[in-house]
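Scroll down for the structure; my scribbles are underneath it.
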Amino acid sequence: MSDRDDIVERLAELAAAIDARDWDSVRAAFLPNAHAYRQAGADAIVRHLSEHLGGCGPTQHLLGNHRVAVDGDTARSLTYARVHHAGAGPAAGKSLECMGEYDDRWVRTPEGWRLSSRVFDMRIFQGDFDVFRPADP
């Protein structure tokens, strides 16, 4: 498998892990000192995502238009994303759809490619941000 193919596969695995709320797999996708979603560190990234999606209904991350540039043991990928979030609990019946582009930076580690940074440039959104909420205690 080429480095490009491996990074595209890591992107798909991360999207599936987020949708499944598999926080251990999400954490493993990032370097311990990564920056993403305006958070510093893999634990803070996972905490942030779980607070936003823990009480949200089903989500689906659709990725495409992958552009990957590898430079030795580092890489940058730019990936279009269309993400649907269904509401749950008090937000049942609501939804939010976000469309934009992930700008990801990668580092090759002995365990494979891991994210060092992630920025999502949301270009379009439709719906209600109230779907984001933590899980009920």
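Mapping to this note's numbering: the sequence shown position 67 is 1065, numbers consecutive.
The beta carbon of each residue, even a glycine, is placed where N, CA and C say it ideally should be.
In this text, all values refer to a predicted model and were calculated from it rather than measured experimentally.
Taking the beta strand (DSSP E) that residue i falls in, what are its first and last residues?
i, result
"E1095", "S1093 to T1107"
"D1119", "G1110 to G1125"
When DSSP labels each residue in this structure, what does residue i get in the three-state scheme?
i, result
"S1000", "coil"
"G1087", "helix"
"R1008", "helix"
"R1019", "coil"
"R1025", "helix"
What does the Cβ neighbour count give for residue i, buried or exposed, with the cut at 16 atoms within 10 Å?
i, result
"I1043", "buried"
"T1077", "buried"
"F1028", "buried"
"T1072", "exposed"
"A1079", "buried"
Could you pull the start and end residues of the alpha helix (DSSP H) that residue i belongs to?
i, result
"D1071", "Where D1071 is concerned, there is no enclosing alpha helix (DSSP H), given that its DSSP letter is neither H nor E."
"A1133", "A1133 -> no alpha helix (DSSP H), and no H or E assigned at all."
"R1045", "A1040 to L1051"
Once the 5 residues before and after residue i are set aside, which same chain residues still bring their CB inside 6 Å of it?
i, result
"V1117", "D1101"
Using only CA atoms, which one of the options lies nearest to residue i?
i, options, result
"L1061", "P1108, D1126, V1006 and P1135", "V1006"
"G1039", "I1122, L1113, F1123 and Q1124", "L1113"
"R1008", "A1133, P1135, D1041 and V1105", "V1105"
"R1019", "V1129, H1033 and C1054", "C1054"
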